[in-house]
């Protein structure tokens, strides 16, 4: 399947002296199976093909995400970052709650990073003769928690436009109410933001994207025989854990069926060396134990209940604490990834 490309939120306040208003509006939102609305701000972003909401909003609404896991590439100026996102289903309405609109598969982000300094106050609006009769809702909200993109065209569609002379701000009435756009007055602070997003809704597409990144943007169709074998293993073994809420897939070992050599004696040797080292340094032992407990508590490591196995499916990997010159009060665990049966 082709990766769905999404361009999102190319917004900027500029670097001049004027305050530039963005189409940010007060809305009421709730989950699709809920009855109570909460107030928040939403940015109506005609440059985005995807709608987003903050994770803080989903927590305040006590929403559960859908099963879909979205693979997103965040592009800022000169930077690229790949993240995974969940999605939720919302209902949004205007301040009067006259019309309610469904918003399905809204991607979640920890923060939207849209400053409230782009929001127009009633006092600022009253300074403009052609806009002073527009009344903005008086709400106490300190963040923008929703970004509405072109996947919700009914919410972006202009119903009425109020404009003045060249260079003046203008107002657009939408299904959710009036938005103010353009230079509105003196700037309180400078803040410029811009990012774009590519998403893939299918796990198979996510696998292909990772391979494309490793291949430095080479044509994915030119796969080797081994590449095709790996793709087959991943696609056939891909599984979603309902309890843990994550995907898992088999490691593509070159030899099948798997038959790893017995390296327990080598692992025991490294373990005894580590034991002697920790016995000589109580502080290091304390930090090492803290690191292991943290791994266990976070679910990254667990106790092995079946200590003895000889089915060729076990590989013992030793670790040891490493100190950093810039962080002398901390230690991190490093695994001996190059360990073999003979060392």
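Residue numbers (full-length UniProt numbering): 1 to 343.
C-beta atoms are modelled at their ideal positions from N, C-alpha and C, and glycine is treated no differently.
Small disclaimer: the values here were computed from a predicted structure and weren't measured.
- A direct Cα-Cα distance of roughly 13 Å separates residue 324 from residue 287.
- Linking residue 140 to residue 37 through their CA atoms gives a straight-line distance of about 15 Å.
- When Cβ pairs closer than 8 Å are counted between the two stretches, the stretch 146–159 is seen not to touch the stretch 115–129, the count staying below three.
- For residue 272, the three-state secondary structure derived from DSSP is helix.
- Excluding the 5 residues flanking it on each side, residue 120 has same chain C-beta neighbours closer than 6 Å at 21, 180 and 184, in chain order.
- By the CB criterion at 8 Å, residue 92 and residue 29 fall inside the cutoff.
- Taking each of 62, 87 and 95 in turn and checking the Cα distance to residue 39, the smallest one comes out for 95.
- Put simply, the stretch 309–318 touches the stretch 253–264. At least three CB pairs are less than 8 Å apart.
- Ranked by how close their Cα comes to the Cα of residue 63, the residues 247, 97 and 105 have 105 in first place.
- The beta-carbon distance between residue 61 and residue 31, rounded to whole angstroms, is 5 Å. This is short enough to meet the 8 Å contact definition.
- Taking 3 residues as the shortest admissible run, the stretch 119–176 contains the following complete beta strand (DSSP E) segments, listed from N- to C-terminal end: 144–148, 160–162 and 170–174.
- Residue state for residue 263 is assigned as coil, using DSSP reduced to three classes.
- The continuous alpha helix (DSSP H) containing residue 288 extends over residues 282–297.
- The distance from the Cβ of residue 267 to that of residue 300 is about 19 Å, inconsistent with a contact at the 8 Å cut-off.
- Per DSSP, residue 229 lies in no beta strand (DSSP E) segment; the continuous alpha helix (DSSP H) that holds it begins and ends at 225–237.
- By the Cβ neighbour-count rule, residue 43 is buried, with 16 or more other Cβ atoms within 10 Å of its own.
- If you draw a straight line from the Cα of residue 174 to the Cα of residue 23, it comes to about 10 Å.
- Note on geometry: alpha-carbon atoms of residue 292 and residue 303 lie some 11 Å from one another.
- Residues 229, 230, 233 and 234 of the same chain have their beta carbon placed closer than 8 Å to that of residue 252, with the five preceding and five following residues left out of the count.
- It is roughly 30 Å from the alpha-carbon of residue 112 to the alpha-carbon of residue 297.
- In the DSSP assignment, the residues bridged to residue 247 are 240.
- The C-beta separation of residue 86 from residue 54 comes to about 12 Å, leaving the pair out of contact by the 8 Å criterion.
- When beta bridges are read from the DSSP output, residue 181 appears opposite 170.
- Residue environment analysis places residue 70 among the buried positions, since at least 16 neighbouring C-beta atoms fall within 10 angstroms of its C-beta.
- For residue 110, the CB contacts under 6 Å within the same chain, skipping 5 residues up- and downstream, are 55 in chain order.
- Beta-bridge pairing by DSSP links residue 29 to 38 and 92.
- The C-beta of residue 158 has fewer than 16 other C-beta atoms within 10 Å across all chains shown, which makes the residue exposed.
- By the Cβ-count criterion, residue 178 is buried, with 16 or more other Cβ atoms from all chains shown falling within 10 Å of its own Cβ.
- In the DSSP secondary-structure assignment, residue 320 is bridged to 334.
- In terms of Cα proximity to residue 136, the closest of 151, 115, 26 and 224 is 26.
- According to the DSSP assignment, residue 109 belongs to the beta strand (DSSP E) that extends over 100–109.
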